[in-house]
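Note sheet for the following structure.
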Amino acid sequence: MNQIAIGDLISSFTVLDGQSVATPYIKAIIHFKFSGEPFVKESIDLQLKGTSSQISGAITTLETIIQRALLYDNIGYSSPQYLRFQLTAGGDYYYTPITNIYLAANPAGYLTQQTGSKVITIHYTRPNYFDGPKTQLTLSGRAGTKIPPNSYRLYNHTDSGTYHGSTALIDPSNFSTDLPAPLRIEYFFATPPAAILKDLFIGIFHHPTYDADTPFFAYYNNLLGGTPYATGAAIQGYYDRFSWTASTFAYITTYLVDSAYIPYFNGQTFRPIIHLFNTHAYTDLYLKVHIERYGEVLYVSEPVYCAPGYGYIILPPVEIPPNYLLREVNPERLQVVLYGYRTSGATVTLDIDCLTLFPLTYAVSFFGFIDTVYNYTIIDDSFRDRYNIRVSPSTGETVSHARVGGPLLLYPNSHSRIFFYWSDSNNLMPISNIADLKIFYYPRLRLL
Numbered sequence: 075m076n077q078i079a080i081g082d083l084i085s086s087f088t089v090l091d092g093q094s095v096a097t098p099y100i101k102a103i104i105h106f107k108f109s110g111e112p113f114v115k116e117s118i119d120l121q122l123k124g125t126s127s128q129i130s131g132a133i134t135t136l137e138t139i140i141q142r143a144l145l146y147d148n149i150g151y152s153s154p155q156y157l158r159f160q161l162t163a164g165g166d167y168y169y170t171p172i173t174n175i176y177l178a179a180n181p182a183g184y185l186t187q188q189t190g191s192k193v194i195t196i197h198y199t200r201p202n203y204f205d206g207p208k209t210q211l212t213l214s215g216r217a218g219t220k221i222p223p224n225s226y227r228l229y230n231h232t233d234s235g236t237y238h239g240s241t242a243l244i245d246p247s248n249f250s251t252d253l254p255a256p257l258r259i260e261y262f263f264a265t266p267p268a269a270i271l272k273d274l275f276i277g278i279f280h281h282p283t284y285d286a287d288t289p290f291f292a293y294y295n296n297l298l299g300g301t302p303y304a305t306g307a308a309i310q311g312y313y314d315r316f317s318w319t320a321s322t323f324a325y326i327t328t329y330l331v332d333s334a335y336i337p338y339f340n341g342q343t344f345r346p347i348i349h350l351f352n353t354h355a356y357t358d359l360y361l362k363v364h365i366e367r368y369g370e371v372l373y374v375s376e377p378v379y380c381a382p383g384y385g386y387i388i389l390p391p392v393e394i395p396p397n398y399l400l401r402e403v404n405p406e407r408l409q410v411v412l413y414g415y416r417t418s419g420a421t422v423t424l425d426i427d428c429l430t431l432f433p434l435t436y437a438v439s440f441f442g443f444i445d446t447v448y449n450y451t452i453i454d455d456s457f458r459d460r461y462n463i464r465v466s467p468s469t470g471e472t473v474s475h476a477r478v479g480g481p482l483l484l485y486p487n488s489h490s491r492i493f494f495y496w497s498d499s500n501n502l503m504p505i506s507n508i509a510d511l512k513i514f515y516y517p518r519l520r521l522l
């Protein structure tokens with residue numbers, strides 16, 4: 075071990091052992107614990123040697139670190155406290171956040187301090203991993219391949235149009251991590267000044283071999299029934315019009331997920347999102363989704379209220395295929411079936427140009443209370459467990475969204491396709507909106 079340090083990325087790190095160690099720190103011995111549990115309790119025996127004043131100053135520094143950790147837990151400080159390790163001179167740093175920190179010493183330690191030495195023990199709890207340096211990832215997809223430091227262009231839809239893609243692919247040959255690694259998303263809103271972003275949705279799908287986006291998007295020609303209308307303003311150049319009249323839930327349409335793709339889905343969870351070409355004005359409309367096999371119902375979601383004036387409908391999560399199979403042979407093909415109901419029993423007309431199976435393996439939603447405009451950047455850092463918006467590349471950091479969801483992680487040895495959709499202040503999802511994307515990861519290890 076070349077160096078051991080404690081502190082954070084905002085203030086500073088104090089070297090406890092190894093290269094650049096300074097008086098009164100002499101030696102740090104870490105008592106690592108090995109466990110299958112998500113958190114471990116460990117300790118460091120820290121040898122101090124110097125004047126009584128120097129030793130007191132070192133203890134004060136450590137107590138300051140403890141206070142910063144407590145403040146962070148109560149959102150009073152912007153960074154966790156870390157132990158930082160450098161395995162070799164000039165090598166990468168690896169970090170693990172620490173909490174529940176306290177100091178202990180031999181009851182007679184005050185006597186040795188007067189003679190210029192003291193041994194104290196730092197007790198702490200840490201997650202059962204270590205994170206490496208922030209590294210920008212190569213992104214590819216319908217906008218081509220963008221190598222760092224370049225950004226990747228996103229559109230607010232996916233179809234056969236040039237560069238029209240709302241996803242970015244990360245190839246496993248471009249990263250290395252032992253455990254699912256935290257991501258940092260930098261999403262630069264690049265739509266010209268009149269546009270406004272309110273809500274942002276991000277989801278990640280991963281698979282060891284499959285890297286295409288084919289089965290996730292169902293267009294007018296993938297949805298059964300309805301009447302197609304051609305227009306360049308719709309996703310894939312068409313939308314389907316579906317109309318029905320019923321006093322109970324009525325069938326709307328079906329998306330048949332071919333058996334060739336079902337094994338790739340592998341029981342992961344998806345949220346169907348309907349993009350409407352035209353908004354509706356109904357105040358009593360509800361939709362739900364079934365997973366069916368040739369009319370046999372395997373799963374029925376709860377109904378959701380479809381608010382008037384919205385350009386999209388977000389349905390409850392579904393597993394595809396339902397995740398209780400033996401997996402001894404490939405699963406049967408399935409149908410994603412939509413049903414709708416107006417409590418008044420009156421006629422309903424919906425114009426749909428795309429149904430997306432939006433992945434939720436790792437997913438987050440940002441619900442805006444301050445509008446995001448041109449040149450603003452939304453940053454979500456799962457390593458730091460913090461998110462913000464930046465009004466320019468170097469200044470103006472603030473919070474503008476409520477974040478709902480867990481950390482965004484990069485799964486090891488797999489292709490990861492990251493999905494994005496966003497809505498504006500009118501609750502529409504304008505398909506011409508664009509954004510520029512950079513994604514970073516922090517390689518995560520179990521053992522140093």
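Converting from the sequence shown to our numbering requires adding 74 to each position, the first position being numbered 1.
Glycine included, each C-beta is placed from N, C-alpha and C at the ideal position.
Within the region 132-189, the complete alpha helix (DSSP H) runs of at least 4 residues fall at 183-187. With respect to the 8 Å criterion, Gly-218 and Ala-242 are not classified as neighbours on the basis of their beta carbons. Using a C-beta cut-off of 8 Å, the region 308-318 makes no contact with the region 275-284, since fewer than three inter-stretch Cβ pairs fall below that distance. The beta carbons of Val-422 and Leu-502 sit about 20 Å from each other, so the pair does not count as a contact at 8 Å.
Distance from the Cα of Gly-206 is smallest, within the candidate group Tyr-198, Gln-160, Ser-234 and Leu-177, for Gln-160. Listed in chain order, the beta strand (DSSP E) runs fully inside the region 275-328 are 301-304 and 312-318, counting runs of at least 3 residues. Bridge pairing for Cys-428: His-349 [DSSP].
DSSP, read as helix, strand or coil, puts Asn-248 in helix.
Distance from Arg-315 to Tyr-329 at the Cβ level is roughly 16 Å; contact not present, criterion being Cβ atoms closer than 8 Å.
Residue burial annotation: Leu-177 is exposed, with fewer than 16 other C-beta atoms found within 10 angstroms of its C-beta. Contact between the region 399-413 and the region 333-340 is present, with at least three C-beta pairs closer than 8 Å. One thing to note: Phe-263 has its Cβ within 8 Å of the Cβ of Tyr-450.
Beta-bridge analysis with DSSP links Pro-433 to Phe-344. Fewer than three pairs of CB atoms, one per stretch, sit closer than 8 Å, so the region 286-300 makes no contact with the region 481-488. With 16 or more neighbouring CB atoms inside 10 Å of its own CB, Gly-442 falls in the buried class. Counting along the chain, the unbroken alpha helix (DSSP H) around Pro-337 starts and ends at 336-339.
The C-alpha of Asp-425 is placed about 10 Å away from the C-alpha of Tyr-312. For Arg-227, the CB contacts under 7 Å within the same chain, skipping 5 residues up- and downstream, are Ala-217, Tyr-237, Ile-508 and Asp-510 in chain order. For Glu-116, the enclosing beta strand (DSSP E) has its first and last residue at 113-123. Relative to Asp-82, the option among Gln-128, Ala-96, Arg-142 and Pro-98 whose CA is nearest is Arg-142.
Phe-323 is positioned such that its CB atom lies closer than 8 Å to that of Lys-362. For Phe-108, there is no enclosing beta strand (DSSP E), since its DSSP letter is neither H nor E. A check of alpha carbon separations from Ile-492 across Asp-245, Phe-108, Thr-327 and Asn-340 identifies Asp-245 as the nearest. Gln-93 carries a coil assignment under DSSP once its states are collapsed to helix, strand and coil. Secondary structure of Ser-499 (DSSP, three-state): coil. Arg-158 and Pro-171 have their alpha carbons spaced roughly 9 Å apart.
Contact between the region 121-128 and the region 93-103 is present: 3 or more CB-CB pairs across the two stretches fall below 8 Å. Between the region 343-358 and the region 390-397 there are three or more inter-stretch CB-CB distances shorter than 8 Å, so the stretches are counted as touching. Nearest Cα to Asp-459 within the set Gln-155, Val-374 and Trp-496: Gln-155. Note that the C-beta distance between Phe-432 and Ile-347 is below 8 Å.
In the structure shown, Ile-259 falls within a strand segment according to DSSP collapsed to helix, strand and coil. In the three-state reduction of the DSSP assignment, Ile-84 falls in the coil class.
One alpha carbon belongs to His-231, the other to Phe-494, and they sit about 9 Å apart. Here DSSP, grouped into helix, strand and coil, assigns Ile-221 to coil. Annotation: Pro-517 to Ser-474 spans about 28 Å, alpha carbon to alpha carbon. Excluding sequence positions up to five before and after Ser-418, its CB lies within less than 6 Å of the CB of Asp-358, all in the same chain and listed in chain order.
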